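What follows is a set of notes on a single structure, which appears directly below.
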Amino acid sequence: MKYKSSVDRAKSYVNDLLKRNDKSSSFILDEKIWQLNKKYIAVQISADILIINQHRAHFKILYDQFLEAINGKTLGGQTLLFPEKIELNFDLKSTLMDILPFLEKTGFRFREFSDESLIVSSIPTEIAWGSEKLILESLLQHFSLPKIKTLPLDTELATILSKNIAIKENEFVDLNQLKEIFNKLFGCSNPMYCPEGNKIYHLIKCTDIDNYF
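Numbering (numbering that gives the first Met the number 0) for the sequence shown: 0 to 212.
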């Protein structure tokens with residue numbers, strides 16, 4: 000079979016693996032997947048190696064998940080053992096009210112504490128405990144700034160939220176997470192590019208490696 004590009008080749012390999020292992024959610028052998036330089040996920044597929052940018056891949060996975068939730072079924076959240084209190088001035092509270100219906104679709108839950116504060120009682124399951132305040136502050140800061148509107152609100156919120164939550168570069172990712180990201184990425188719409196249009200993965204063919212020697 001001839002492939003038009005390395006992207007087609009990678010997709011073909013992954014589709015073959017999915018077909019052969021459709022009953023398993025962890026079809027990549029442990030020795031075939033590893034983290035590279037705390038930035039990439041390397042996966043041996045046949046004789047070739049697929050290199051995935053871990054941040055962009057996770058960004059894409061979360062984006063698809065949040066956008067689907069915002070426009071459909073609400074995601075369940077994780078209830079905070081110690082609810083977080085956030086202080087809001089009038090402008091920030093107004094900003095929060097504008098995006099509140101969308102936030103609640105992703106798993107956030109709030110209750111009013113006073114005119115200038117809210118209690119965060121639940122957060123999306125993808126957010127690590129303790130980081131919810133920083134993420135919310137970042138969201139509110141973004142949406143409170145004057146800007147030329149270029150994206151629908153649901154798309155913009157899904158983009159900013161998923162980018163903030165996604166695994167970062169120079170962050171250790173354990174084996175189970177590596178396999179989960181790989182499996183979920185190729186279940187996304189257009190897994191080649193993240194929501195900002197940057198390339199997520201590249202296939203290095205064995206023949207390309209041979210050319211170095």
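Idealized CB from N, CA, C, for every residue including glycine. Every value quoted in this text rests on a predicted model; they were computed, and no experiment measured them.
ask   = Is Tyr62 helix, strand or coil by DSSP?
value = helix
query = How close, in whole Å, do the beta carbons of Pro123 and Gly196 come, if the pair is a contact with beta carbons under 8 angstroms?
reply = In fact, because the Cβ distance is near 24 angstroms, the residues do not count as touching under 8 angstroms.
query = For Asn189, which of helix, strand or coil comes out of DSSP?
reply = coil
task = Report buried or exposed for Ala68, applying the criterion of at least 16 other Cβ atoms within 10 angstroms of its Cβ.
result = buried
key: From Asp207, Leu117, Ser137 and Thr105, residue whose alpha carbon lies closest to that of Lys72   = Thr105
key: Separation of Pro100 from Thr94, as counted between CA atoms   = 12 angstroms
key: In chain order, each beta strand (DSSP E) run of at least 3 residues that lies wholly inside the segment 102-154   = 108-113 and 116-123
task = Output the residue ranges of the beta strand (DSSP E) runs that lie fully inside the segment 38-94 and measure 3 residues or longer, sorted by chain position.
result = 39-44, 47-52 and 76-86
key: Option nearest Val119 by Cα separation, candidates Lys167, Leu87, Tyr200 and Gln53   = Leu87
inquiry  = So, under 8 angstroms CB-CB, Ile199 and Lys59 are touching, yes? Tell me the CB distance rounded to an integer number of Å.
reply    = 6 angstroms
inquiry  = Using 8 angstroms for Cβ pairs, my map puts Asp47 next to Cys205. What's the rounded Cβ distance?
reply    = 6 angstroms
message = Please report the straight-line C-alpha distance between Lys92 and Pro151, rounded to a whole angstrom.
response = 21 angstroms
task = In angstroms with no decimal places, state the Cα-to-Cα distance between Ile159 and Met191.
result = 19 angstroms
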